[in-house]
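Colleague:
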Amino acid sequence: MNSRALRTWTLGSSSTGAKGRAVEMGRIDQRQFPHSEFPFPAIIMAKKRSGNRETESSPLVEQEPRPSKDTPVLKGAQSPGGASARMSILLLVTIFACSACVMYLVFRNFPELSEDEREKIKIPKDMDDAKALGTVLSKYKDTYYTQVLLAYFATYIFLQTFAIPGSIFLSILSGYLYPFPLALFLVCLCSGLGASFCYMLSYLVGRPMVYKYLTERAEKWSQQVDKHREHLINYIIFLRITPFLPNWFINITSPVINVPLGVFFLGTFLGVAPPSFVAINAGTTLYKLTTAGEAVSWNSLLVLGVLAVVSILPVCFQKKLQQKLE
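According to UniProt numbering, numbering within the sequence shown proceeds without interruption in unit steps and concludes at 326.
Next comes the structure, spelled out in C-alpha cells:
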C-alpha cells in the first residue's frame with residue numbers, strides 16, 4: 001500500500017470512529033457529515049435508545065411515602081385542608097337553615113295560641129321551660145293530636161340531628177303527654193332517626209371537621225371499634241346506656257371509622273331504651289321535678305348499670321367460647 005492510500009485509509013477510519021461516537025452520544029448533526037454512509041434515521045434510533053435508558057433509570061411516577069407507625073391515619077381519606085373544612089361549614093349552615101325552615105312550617109300549622117302561650121313554645125333549656133311547654137301541649141293534645149305529635153316528633157329529630165341540647169327534657173315531657181308504651185317507642189324512634197341523620201350529615205359534610213378537630217379522639221375510638229367489630233351492635237348498645245362517650249361524639253365520628261348505618265341505627269334504637277325508660281317514668285310526675293337530675297335516682301342508676309352489663313355479656317361469653325374451641 002502506497003503512502004497516499006495509507007493516508008486516505010487512516011483519515012476514513014478516524015472519521016468513522018468520530019461519527020460512531022457522535023451517534024452513540026446522540027449529538028450528531030447531519031450537516032457535519034454531508035457524505036456520511038450512516039443514514040439519518042439511525043441517529044434518531046440512537047437518540048431513542050438513549051432516552052429509554054434515561055427513562056428506565058428514573059421512575060415516571062413518584063411513589064408516595066409509606067406512613068410510619070407513629071403517623072395516625074383515620075380510615076377513609078387523608079386529612080383535608082382548610083378549604084374543605086370551610087366548605088363543609090358553609091354546607092352545614094345551609095342544611096341547618098333549610099331544616100329550621102321546615103320546623104317553622106311545622107309550627108305554622110299549630111292552632112292559634114295566645115301571646116303567653118307563644119312565649120312558652122320553645123326548646124326547653126331547664127325544667128321550668130319543660131313544665132311551661134308541657135302545660136301548653138297538654139291543653140291542645142286531645143283536640144289537635146296529630147299536630148302536637150308531629151311537632152314533638154320533628155323537634156326531637158331536629159335536636160338530635162344537629163346535636164342541640166334539650167332532648168332529655170323532651171324525653172321527660174313524653175312521659176307526661178303520652179301513655180308509657182307510646183312514649184317509649186316515640187323516644188327510641190326519634191333518637192334512632194335523629195342520630196342516623198346526624199350520622200349522614202357527618203358523612204356528607206362533617207368529615208373534614210372531624211379530621212381537623214377530633215383526630216386524636218376519633219383515632220382512639222376507631223381502635224376500640226376494631227376490637228369489637230364482630231359484635232358491634234352490643235358495643236353500641238353498651239355505649240348508649242353508659243356515659244363513657246358523649247352521644248354527639250358517637251354520632252359524628254361513626255361514619256368516619258366505618259360503622260355501618262344499619263348497625264348504628266339498631267344499636268341506637270335499642271341502646272337509648274333504658275335511659276329513656278328512666279326519663280319517661282319521671283315524666284309522669286313532671287310537676288314534682290325541679291331539675292332534670294331529679295329524674296335519675298339511685299335505683300334507676302342501678303338498673304342502668306345492670307342493663308349495661310347484660311348488653312355486654314354475650315360478647316364475653318362469645319370470646320370465652322372461641323378460646324375453648326381454639
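C-beta: ideal position from N, C-alpha, C; glycine also.
If we count Cβ pairs, one from each stretch, closer than 8 Å, do we get three or more for the segment 136-151 versus the segment 91-101?
Modeller: No, the segment 136-151 is not in contact with the segment 91-101.
Colleague: Closest by CA to residue 202, which one among 189, 171, 227 and 258?
Modeller: The residue labelled residue 202 in the question sits at position 202 within the sequence shown. Residue 258 is the option with its Cα nearest to residue 202.
Colleague: May I have the straight-line CA-CA distance separating residue 165 from residue 125, to the nearest angstrom?
Modeller: As a working mapping, residue 165 is identified with position 165 in the sequence shown. As a working mapping, residue 125 is identified with position 125 in the sequence shown. Those two C-alpha atoms are separated by around 8 Å.
Colleague: Roughly how many angstroms separate the alpha carbons of residue 193 and residue 149, rounded to a whole number?
Modeller: In the sequence shown, counting from the first residue as 1, residue 193 sits at position 193. In the sequence shown, counting from the first residue as 1, residue 149 sits at position 149. Each residue's Cα considered, the two are about 16 Å apart.
Colleague: Should residue 329 be labelled buried (16 or more other beta-carbon atoms within 10 Å of its own) or exposed?
Modeller: A question about residue 329 goes unanswered here, because the residues of the chain that appear run from 1 up to 326.
Colleague: At the level of alpha carbons, what is the spacing between residue 306 and residue 270?
Modeller: The sequence position of residue 306 within the sequence shown is 306, counting from 1. The sequence position of residue 270 within the sequence shown is 270, counting from 1. Distance between the alpha carbons of residue 306 and residue 270 is about 15 Å.
Colleague: Please name the residue, chosen from 118, 274 and 260, that lies closest to residue 231 on a Cα-to-Cα basis.
Modeller: Start at 1 with the first residue of the sequence shown, and residue 231 comes out as number 231. Of the candidates 118, 274 and 260, the one whose C-alpha sits nearest the C-alpha of residue 231 is 260.
Colleague: Say whether the segment 170-182 touches the segment 199-217, bearing in mind that this needs 3 or more beta-carbon pairs closer than 8 Å, one atom from each stretch.
Modeller: Cβ pair count under 8 Å is below three, so no.
Colleague: Roughly how many angstroms lie between the CA atoms of residue 263 and residue 240, to the nearest whole one?
Modeller: Along the sequence shown, one-based indexing puts residue 263 at 263. Along the sequence shown, one-based indexing puts residue 240 at 240. Rounded to the nearest angstrom, the two C-alpha atoms are 13 Å apart.
Colleague: Check whether the Cβ atoms of residue 272 and residue 188 lie closer than 8 Å to each other.
Modeller: Along the sequence shown, one-based indexing puts residue 272 at 272. Along the sequence shown, one-based indexing puts residue 188 at 188. In this structure, residue 188 lies closer than 8 Å to residue 272 by Cβ.
Colleague: Just mark residue 284 as buried or exposed, buried being the case when its beta carbon has 16 or more other beta carbons within 10 Å.
Modeller: Taking the sequence shown and counting its residues from 1, the one referred to as residue 284 is at position 284. Result: exposed.
Colleague: For my contact list, residue 278 and residue 207 are in at a C-beta cut-off of 8 Å; report their separation, rounded to the angstrom.
Modeller: Here the question's residue 278 lines up with position 278 in the sequence shown. Here the question's residue 207 lines up with position 207 in the sequence shown. Contact flag wrong, Cβ pair sits at about 34 Å.
Colleague: Can you tell me the Cα-Cα spacing of residue 185 and residue 226, whole angstroms?
Modeller: Here the question's residue 185 lines up with position 185 in the sequence shown. Here the question's residue 226 lines up with position 226 in the sequence shown. The alpha-carbon atoms of residue 185 and residue 226 are separated by roughly 31 Å.
Colleague: Could you tell me the distance, in whole angstroms, from the CA atom of residue 129 to the CA atom of residue 167?
Modeller: Here residue 129 refers to the residue found at position 129 of the sequence shown. Here residue 167 refers to the residue found at position 167 of the sequence shown. Rounded to the nearest angstrom, the two C-alpha atoms are 13 Å apart.
Colleague: Looking only at its chain, what residues have a beta carbon closer than 6 Å to the beta carbon of residue 248, apart from the 5 residues adjacent to it on each side?
Modeller: Reading the sequence shown from its first residue, position 248 is the one you call residue 248. Excluding residues within five positions, the ones whose Cβ falls inside 6 Å are 163.
Colleague: Whole angstroms is fine: what's the gap from residue 115's alpha carbon to residue 154's?
Modeller: Taking the first residue of the sequence shown as position 1, residue 115 is located at position 115. Taking the first residue of the sequence shown as position 1, residue 154 is located at position 154. For residue 115 and residue 154, the distance between alpha carbons rounds to 23 Å.
Colleague: For residue 231, does the three-state DSSP call read helix, strand or coil?
Modeller: Here residue 231 refers to the residue found at position 231 when the sequence shown is read from its first residue. Helix, per DSSP.
Colleague: Under 6 Å Cβ to Cβ from residue 31, same chain only, skipping five residues before and after it: list those, please.
Modeller: Numbered from 1 along the sequence shown, position 31 holds the residue referred to as residue 31. Note that residue 31 scores a pLDDT of 48, beneath 50, so its modelled location is shaky and nothing firm can be said.
Colleague: Would you decide whether residue 246 is buried or exposed? Buried here means 16 or more other CB atoms lie within 10 Å of its CB.
Modeller: Here residue 246 refers to the residue found at position 246 of the sequence shown. By the neighbour-count rule (16 or more Cβ atoms within 10 Å), residue 246 is not buried but exposed.
Colleague: With a Cβ-Cβ cutoff of 8 Å, do residue 280 and residue 195 count as a contact?
Modeller: On the sequence shown, residue 280 is found 280 positions in, with the first residue counted as 1. On the sequence shown, residue 195 is found 195 positions in, with the first residue counted as 1. No, the pair does not count as a contact, with Cβ atoms beyond the cut-off.
Colleague: Quick one: give me the first and last residue of the alpha helix (DSSP H) that residue 389 is part of.
Modeller: Outside the modelled stretch of the chain, which goes from 1 to 326, sits residue 389, for which no answer is possible.
Colleague: Residue range of the alpha helix (DSSP H) that residue 331 falls in?
Modeller: With the chain covering only 1 through 326, there is no way to say anything about residue 331.
Colleague: Could you check what DSSP says for residue 179 in three-state terms: helix, strand or coil?
Modeller: In the sequence shown, residue 179 corresponds to position 179, counting from 1. Residue 179 falls in the coil class under three-state DSSP.
Colleague: Which residues in the same chain as residue 122 place their Cβ atom closer than 8 Å to its Cβ, once the five residues preceding and following it in sequence are excluded?
Modeller: For the purposes of this step, residue 122 is identified with residue 122 of the sequence shown, where counting begins at 1. Closer than 8 Å at Cβ, skipping near neighbours: 129 and 133.
Colleague: Whole angstroms is fine: what's the gap from residue 108's alpha carbon to residue 139's?
Modeller: Sequence index remark: in the sequence shown, residue 108 carries index 108 (1-based). Sequence index remark: in the sequence shown, residue 139 carries index 139 (1-based). Between residue 108 and residue 139, the C-alpha separation is close to 18 Å.
Colleague: Provide the residue span of the alpha helix (DSSP H) that contains residue 268, from first to last.
Modeller: Taking the sequence shown and counting its residues from 1, one reaches residue 268 at position 268. First-last of the alpha helix (DSSP H) with residue 268: 261-271.
Colleague: From residue 119 to residue 156, what distance separates their C-alpha atoms?
Modeller: For the purposes of this step, residue 119 is taken as residue 119 along the sequence shown, with counting starting at 1. For the purposes of this step, residue 156 is taken as residue 156 along the sequence shown, with counting starting at 1. The alpha-carbon atoms of residue 119 and residue 156 are separated by roughly 19 Å.
Colleague: Which class does residue 277 belong to by DSSP, given the choice of helix, strand or coil?
Modeller: On the sequence shown, residue 277 is found 277 positions in, with the first residue counted as 1. Reduced to three states, the DSSP call for residue 277 is helix.
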